[in-house]
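Residue numbers (the numbering used here): 24 to 668.
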């Protein structure tokens, strides 16, 4: 306490202490015979002063609940407003030190185990009520904080690390008066507004210095620079904002829509970094590194009825980097990614954001972050999609909008036994793809595929597998050869460094795990030592104007060293096209009514295309070879001749 005299003056004990003439009062002698003293250090600038300390629980404008030890003081001083005007005021300041704060909803349990939201710890908080002396008798309220740590409570799948966090409030004088106190201007002028929040266990006086910028106007904000882990696979890093409200919602179960009331915690951010995968932040990280991420996460707890809860997320990343997935047998790149989650409650209902926004005028999120707008009739879903460019085994190449799934899977190997893996599965439908080597192969339309990459959890082995199908295929890169047809199937099962591959047939039967979906393709290949790469389809083949066949062709990719007629050895990528037990034609106009030549039954044939390896496609040499055998041969289109054999 520092009471004024009749002339409004007070003693400036702080100035005396600074000048080396501190005012020290003797309070007595303790049991050890030591004289006890108190040194007065009250600032005269605070004028008529009263301070009280104790313990309290404080509700800050329904956005935060703070509990712990507190300090209270009453003083007088001049403050600067957002208009630049200085006014004399009476101030009531309330401070709390080393306390906890809950941004969310307190449960019934006294130990906080039922709480839901974001809990800050080691908080120093200052709340001030500032009343103008004379004039218009205006009043302003402000809150500023320093925060140590934070954690999510009531959300078991979310963990949190905090670099910094703030609770900031700077309330305008009234509905008709938009002025606020400009604490930043006061600090810049050397007249910082400081509030004592209490005394630490070590006896150190704790303070909070207000630095709120009055030019930002009326402010109510919770902001944190955090690292968030959502479950096993998602990490976010950056500055987030938190809002709390109680809102009416529309919830849907199929076509049935009802209205309810819920406590809402909205967490949003923009310009963040994120990682989707495993071992994030380490040298072994595998997954997607995202930058320029914006997101809105909505957590909804019903306040009436059966107390249902819902979770929703909308996110977008401006750029994507693939980490730890690409290898000699597999490469992938992407430009952007979108994620949408609308998680149902236990009764199967989801928040119908489309109806909630239009019927109730409630919007969750912002254009700067993301707006939750998922339709209720879409039900419970999690979608992640991006435009990817994918190459598998130097044989399969596709670009388009993919979905991505990550999970822990146990798989059976061709070498026997099982292994635990982190699985990254990509799926897509209705795309265009290329199957072949070095520009020689098949262009395929309307491709559906499923790709999975498996990384051994307790070792360094990787396995890659792909199953796909397409139609309207055509060959490119082989002059003189045309292939047209439908229903091409591609199967790739790439072995690990020890030549083991995943046996999906046994994985499905023994472990009950099916990788893929019916609308893309299901991985079901048998495991073969060394792996396998193949494609097959029902096609029409014309080769060099003399060979024609309609057959189910098998395409295989390989790498060989061949010897030329010059004696030189050349490394080549190979594409083999083969068939057996087919009927073929050798001659002219094959497959038409005017064909003339030889009809061959029960033909086995193989056509080999070789492309020089390690050379740019435009400069690479190409060689072709073909060999066939048949059981019987007969003339076609030559009625005056007969041949059999």
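Built from N, CA and C at the ideal position, the CB exists for glycine as well.
Being a predicted model, the structure only gives us computed values, none of them experimental.
- Along the length of the stretch 226–289, whole beta strand (DSSP E) runs at least 3 residues long occupy 228–233, 242–253, 257–276, reported in chain order.
- If you draw a straight line from the Cα of residue 310 to the Cα of residue 297, it comes to about 11 Å.
- Excluding five sequence positions before and after residue 173, the CB atoms of its chain that fall closer than 8 Å to its own CB belong to 141, 142, 143, 144, 183, 185, 188, 247, 249, given in chain order.
- For residue 281, the closest C-alpha among the options 245, 234, 371 is that of 371.
- About 5 Å separates the beta carbons of residue 128 and residue 139, which is inside the 8 Å limit, making them a contact pair.
- Here residue 50 has 59, 60, 61 as same chain residues with Cβ atoms under 8 Å from its own Cβ, once five neighbours each way along the sequence are excluded.
- Between residue 151 and residue 168, the CB-CB gap reaches or exceeds 8 Å.
- The way I'd put it, the stretch 311–327 does touch the stretch 273–292; three or more beta-carbon pairs between them come closer than 8 Å.
- Rounded to whole angstroms, the separation of the alpha carbons of residue 562 and residue 508 is 4 Å.
- The closest CA to that of residue 262, considering only 317, 313, 277, 501, is found on 317.
- Straight across, the Cα-Cα distance linking residue 400 with residue 340 is about 26 Å.
- Shortest Cα-Cα distance from residue 565 to any of 159, 493, 501, 293 involves 501.
- Around the beta carbon of residue 648, fewer than 16 other beta carbons lie within 10 angstroms, which makes this residue exposed.
- In the displayed model, residue 214 falls within coil according to three-state DSSP, outside both helix and strand.
- DSSP, read as helix, strand or coil, puts residue 473 in strand.
- Counting only runs that start and end inside the stretch 357–400, the alpha helix (DSSP H) elements of at least 4 residues fall at 376–383.
- When only Cα atoms are considered, residue 569 and residue 496 end up about 21 Å apart.
- Exposed is the label assigned to residue 31, since fewer than 16 other Cβ atoms lie within 10 Å of its Cβ.
- The three-state reading of DSSP puts residue 548 in coil, since its state is none of H, G, I, E or B.
- For residue 438 and residue 585, the gap between their C-alpha atoms comes out near 31 Å.
- In the DSSP assignment, residue 313 forms a beta bridge with 297, 343.
- Ranked by Cα distance from residue 38, the options 627, 56, 66, 252 are led by 66.
- Within the DSSP bridge table, the entry for residue 423 names 411 as partners.
- Secondary structure note for residue 38: it is in no beta strand (DSSP E), and the uninterrupted alpha helix (DSSP H) holding it is 36–41.
- With 16 or more neighbouring CB atoms inside 10 Å of its own CB, residue 259 falls in the buried class.
- DSSP places residue 68 in the helix class (H, G or I) of the three-state scheme.
- Between residue 528 and residue 549, the gap from beta carbon to beta carbon is short of 8 Å.
- DSSP places residue 199 in the coil class of the three-state scheme, outside both helix and strand.
- Listed as beta-bridge partners of residue 628 by DSSP are 602, 651.
- Taking 8 Å as the cut-off, the Cβ atoms of residue 149 and residue 102 do not count as close.
- Here the alpha carbon of residue 199 sits roughly 28 Å from the alpha carbon of residue 214.
- Under the criterion of beta carbons closer than 8 Å, residue 597 and residue 581 qualify as touching, at roughly 4 Å.
- Note that the C-beta distance between residue 425 and residue 450 is below 8 Å.
- Contiguous beta strand (DSSP E) elements confined to the stretch 443–499 occur at 463–479, 485–499, taking only those with 3 or more residues.
- Distance check between residue 137 and each of 306, 176, 107 places 176 closest, using alpha-carbon atoms only.
- The C-beta separation of residue 240 from residue 329 comes to about 41 Å, leaving the pair out of contact by the 8 Å criterion.
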